[in-house]
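Please read the structure below before turning to the comments.
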Amino acid sequence: MSIFNQKSKFKVKTEVRAVKKTLPEKPKPKPTSAPPSTSRIPSSSVRASPSTTSTPRASPLPPSARKSQNGSSRYLDPSSALKAPSSSTSSNSRKRPRASHSPASPSFDSDSDSDSASDDDWQDQLDPRKRLKRLEQLRRHDPNRRVRHPKMWKGDRESEGELLPVIHAVEVASLSEKCQPVMGLSRDEVGVRLRYPGSNHREKYELVKGKDKIEGAQDILTVVRHVASIYLSEEEARPFLDQNSGIYRRLERCKNLNDGKGFKEALKEYSESLFALQRKGVIAKNLENMRGVPQELVAFILDQVYDRTVAPKVELLAKYENGTDNVYGELLHPFISDIFERTQLTSDMVFVDLGSGVGNVVLQAALEIGCESWGCEMMENACNLADAQKKEFAARCRLWGVAPGKVYLERGDFRKNEPILESLKRADVVLVNNQAFTSQLNDNLVNMFLDLKIGCKIVSLKTFVHDNKLAENDVASSILDVEHLTYPEEYVSWTGAAGTYCISTRK
1 MSIFNQKSKF KVKTEVRAVK KTLPEKPKPK PTSAPPSTSR IPSSSVRASP STTSTPRASP
61 LPPSARKSQN GSSRYLDPSS ALKAPSSSTS SNSRKRPRAS HSPASPSFDS DSDSDSASDD
121 DWQDQLDPRK RLKRLEQLRR HDPNRRVRHP KMWKGDRESE GELLPVIHAV EVASLSEKCQ
181 PVMGLSRDEV GVRLRYPGSN HREKYELVKG KDKIEGAQDI LTVVRHVASI YLSEEEARPF
241 LDQNSGIYRR LERCKNLNDG KGFKEALKEY SESLFALQRK GVIAKNLENM RGVPQELVAF
301 ILDQVYDRTV APKVELLAKY ENGTDNVYGE LLHPFISDIF ERTQLTSDMV FVDLGSGVGN
361 VVLQAALEIG CESWGCEMME NACNLADAQK KEFAARCRLW GVAPGKVYLE RGDFRKNEPI
421 LESLKRADVV LVNNQAFTSQ LNDNLVNMFL DLKIGCKIVS LKTFVHDNKL AENDVASSIL
481 DVEHLTYPEE YVSWTGAAGT YCISTRK
């Protein structure tokens, strides 16, 4: 069965509706009146101290890896993932969580028929006209955005030997990491190299598979698909995406038929074809005309970064003191994209994440929007992993040839960090995941908001303006206009349920 029939990590945009005090009766009402109860969040993933300024957002598990092995949509917290795995999985299966990187991609049976229904799905998924429509929407949203990386390789010979400090896939998923060869390859045949559109530097892979490891063949397939469908025109992409003889289809067919040698031959042809386009300046020219990075590519690049930096050391994020009221969790990629759209964040603006964890959202804002992006975190392990992500993120952006906005990751209490306090004065959008913050910390934040410029948007899980306070005595109500909204299911890491959030505007 084609995996187009499976549940995709990338969802069609869900309409966000305002919360009303009285809701009409519906046969199957969705939760809109109250946020998910914190009692549903496992207490074993709590923060280090009651007064910490860290947000409950930077979950150590990538989106798809947070689901239980039986496919349920209930997310796991760090401690349960590492210390108390479900009966259907061993403890080792949770130590190296893996993300399912890509949107649905085609799948062919061994006797694949070109007239099958899955072919129509496959062709529809890679339709260049739909790609152009997406890019045109990005262009209208932010016409000033420039996507091409200033240091991308344009096919010149001078930089052919340059090496980038990337963490190769082979460093985290290989035979030496107890993985097994796939597609009938012997142990000495699994090594391959993958070419990217923005650099002449190639990434080393091994065609192996292991529990909670990067699956090299699938990673390569996703890269090829994104390169062809996003970086090339319809005519240029035809040799890659032709549904009968295209390179992508041949790679997919060889993968499903366990034809490792055929897979490597098709991958060699992909590398040669992309190299020729790079030398002609085609990739650089096309990137120059782009005004945004599609969300599916943003999510994939961020997953590549996470899988090579955070996932191998995920145990570090579970070393927190129990008994506090700050829970470690994450707002997932689709939720953050919705927030960017609703706040109308653009590349000439400033984004600040107060309590940025391992830096996921800060990096997403820099890549997806291209804006100046700030984050602050106080817990040492999370800060160290955030720094590792930032370094890998910079190298990955060069591999892909895309230019992110400037990224600044600060350490310490955001109430006292001078660079963060200064950045807040210029901020256009501020994210505060205060799902588990104390009332005292929320009051401290309100006082910080006094320095925000008029019109700044503050996105939070809980409102700073409460009904039981008198407006004349309540600083929050005097400086903030609050809009109450709902988010759909599976938009946060700590529960699969829908919930509420707020966007407050500085008066």
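Using UniProt numbering, you'd call the opening residue of the sequence shown number 1 and step up by one each time.
Quick reminder that beta carbons are idealized off the backbone N, C-alpha and C, glycines included.
Roughly how far, in whole angstroms, is the beta-carbon of residue i from the beta-carbon of residue j, given that I think they are within contact range, below 8 Å?
{"i": "Glu489", "j": "Cys502", "result": "Between Cys502 and Glu489 the Cβ distance is about 19 Å, and since that is not below 8 Å, they are no contact."}
{"i": "Tyr231", "j": "Asn286", "result": "6 Å"}
{"i": "Tyr205", "j": "Val224", "result": "Rounded, the Cβ-Cβ distance is 12 Å, inconsistent with contact."}
{"i": "Val407", "j": "Ala366", "result": "5 Å"}
{"i": "Ser337", "j": "Gln295", "result": "5 Å"}
{"i": "Val190", "j": "Val166", "result": "That belief does not hold up - the Cβ atoms of Val190 and Val166 are roughly 19 Å apart, past 8 Å."}
{"i": "Phe240", "j": "Met183", "result": "Contact doesn't hold; Cβ gap of about 20 Å is too wide."}
{"i": "Ala237", "j": "Ser245", "result": "Contact flag wrong, Cβ pair sits at about 13 Å."}
{"i": "Leu257", "j": "Leu221", "result": "Not really, about 14 Å apart at Cβ, beyond 8 Å."}
{"i": "Thr343", "j": "Lys457", "result": "4 Å"}
{"i": "Gly405", "j": "Glu372", "result": "5 Å"}
Using the Cα positions of residue i and residue j, report the straight-line distance between them to the nearest angstrom.
{"i": "Ser504", "j": "Pro312", "result": "37 Å"}
{"i": "Phe414", "j": "Glu422", "result": "11 Å"}
{"i": "Val492", "j": "Asp348", "result": "28 Å"}
{"i": "Lys255", "j": "Ser174", "result": "18 Å"}
{"i": "Ala476", "j": "Gln435", "result": "17 Å"}
{"i": "Lys507", "j": "His333", "result": "29 Å"}
{"i": "Pro150", "j": "Gln440", "result": "45 Å"}
{"i": "Glu392", "j": "Thr486", "result": "34 Å"}
{"i": "Asn433", "j": "Glu269", "result": "46 Å"}
{"i": "Gln218", "j": "Gly412", "result": "39 Å"}
{"i": "Ala388", "j": "Glu315", "result": "15 Å"}
{"i": "Glu265", "j": "Ser271", "result": "10 Å"}
{"i": "Val282", "j": "Glu368", "result": "23 Å"}
{"i": "Glu235", "j": "Val227", "result": "14 Å"}
{"i": "Asp156", "j": "Leu274", "result": "14 Å"}
{"i": "Val293", "j": "Leu194", "result": "21 Å"}
{"i": "Glu330", "j": "Val358", "result": "10 Å"}
{"i": "Asp188", "j": "Leu363", "result": "37 Å"}
{"i": "Ser394", "j": "Asp474", "result": "Correcting the residue identity first, residue 394 is Ala in this sequence and not Ser. Going from the Cα of Ala394 to the Cα of Asp474 covers about 43 Å."}
{"i": "Leu452", "j": "Thr309", "result": "34 Å"}
{"i": "Val429", "j": "Ser186", "result": "52 Å"}
{"i": "Leu450", "j": "Asp481", "result": "13 Å"}
{"i": "Phe437", "j": "Asp212", "result": "32 Å"}
{"i": "Lys462", "j": "Thr500", "result": "8 Å"}
{"i": "Glu341", "j": "Asp303", "result": "21 Å"}
Taking the alpha carbon of residue i as the reference point, which residue from the options has its own alpha carbon closest?
{"i": "residue 512", "options": "Lys209, Thr500, Val147 and His168", "result": "The requested residue 512 does not occur in the structure, where the chain is confined to residues 1 to 507."}
{"i": "Ser378", "options": "Asn417, Leu274 and Gly405", "result": "Rather than Ser, the amino acid found at residue 378 in this sequence is Met. For the residues Asn417, Leu274 and Gly405, the minimum Cα distance to Met378 belongs to Asn417."}
{"i": "Gly370", "options": "Gly357, Ala386, Thr346 and Glu203", "result": "Thr346"}
{"i": "Val350", "options": "His226, Ile247, Gly455 and Asp219", "result": "Gly455"}
{"i": "His466", "options": "Lys457, Lys453, Asp451 and Val446", "result": "Val446"}
{"i": "Ala427", "options": "Met448, Asp443 and Thr438", "result": "Met448"}
{"i": "Asp443", "options": "Ile479, Lys453, Lys457 and Lys425", "result": "Ile479"}
{"i": "Ile214", "options": "Pro181, Leu257, Asp259 and Asp188", "result": "Pro181"}
{"i": "Arg148", "options": "Leu450, Arg398 and Lys462", "result": "Arg398"}
{"i": "Leu385", "options": "Leu194, Ala299, Ala318 and Gly499", "result": "Ala318"}
{"i": "Ala498", "options": "Leu185, Phe335 and Gly357", "result": "Phe335"}
{"i": "Gly216", "options": "Ser233, Ile247 and Gly260", "result": "Gly260"}
{"i": "Val361", "options": "Val172, Val298 and Asp307", "result": "Val298"}
Using a Cβ-Cβ cutoff of less than 6 Å, which residues in the same chain neighbour residue i once the five nearest sequence positions on both sides are dropped?
{"i": "Trp374", "result": "Val352, Tyr408 and Ser423"}
{"i": "Ser460", "result": "Val432, Asn434 and Cys502"}
{"i": "Lys67", "result": "Note that Lys67 scores a pLDDT of 36, beneath 50, so its modelled location is shaky and nothing firm can be said."}
Return the bridge partner residues of residue i from the DSSP annotation.
{"i": "Leu431", "result": "Asp353 and Val459"}
{"i": "Gly496", "result": "Answer is none; Gly496 lacks a bridge partner."}
{"i": "Arg506", "result": "Leu480"}
{"i": "Trp374", "result": "Val352 and Tyr408"}
{"i": "Lys209", "result": "Gln180"}
{"i": "Arg193", "result": "Lys204"}
{"i": "Thr486", "result": "Thr500"}
{"i": "Leu367", "result": "Paired residue(s): none; Leu367 is not in a bridge."}
{"i": "Arg148", "result": "Val402"}
{"i": "Leu331", "result": "Val492"}
Leaving aside the five residues before and after residue i along the sequence, list all residues of the same chain whose C-beta is less than 7 Å from its C-beta, in chain order.
{"i": "Trp400", "result": "Tyr196, Pro197, Gly198 and Ile301"}
{"i": "Pro143", "result": "Arg291"}
{"i": "Arg146", "result": "Ala403"}
{"i": "Lys178", "result": "Gly210"}
{"i": "Leu170", "result": "It should be noted that the sequence gives Val, not Leu, for residue 170. Cβ neighbours of Val170 beyond the five flanking positions: Lys204, Tyr205 and Glu206."}
{"i": "Ala284", "result": "Arg148, Met152 and Lys154"}
{"i": "Leu267", "result": "Val192, Ile220 and Leu251"}
Could you name the residues of the same chain whose beta carbon sits closer than 8 Å to that of residue i, not counting the 5 residues immediately before and after it, in chain order?
{"i": "Ile420", "result": "Val352, Leu354, Trp374, Cys376, Glu410 and Phe414"}
{"i": "Asp242", "result": "Arg249"}
{"i": "Leu163", "result": "His201"}
Quick check on residue i - is its C-beta less than 7 Å from some C-beta in chain B?
{"i": "Met448", "result": "Included in the structure is just one protein chain, with no chain B present."}
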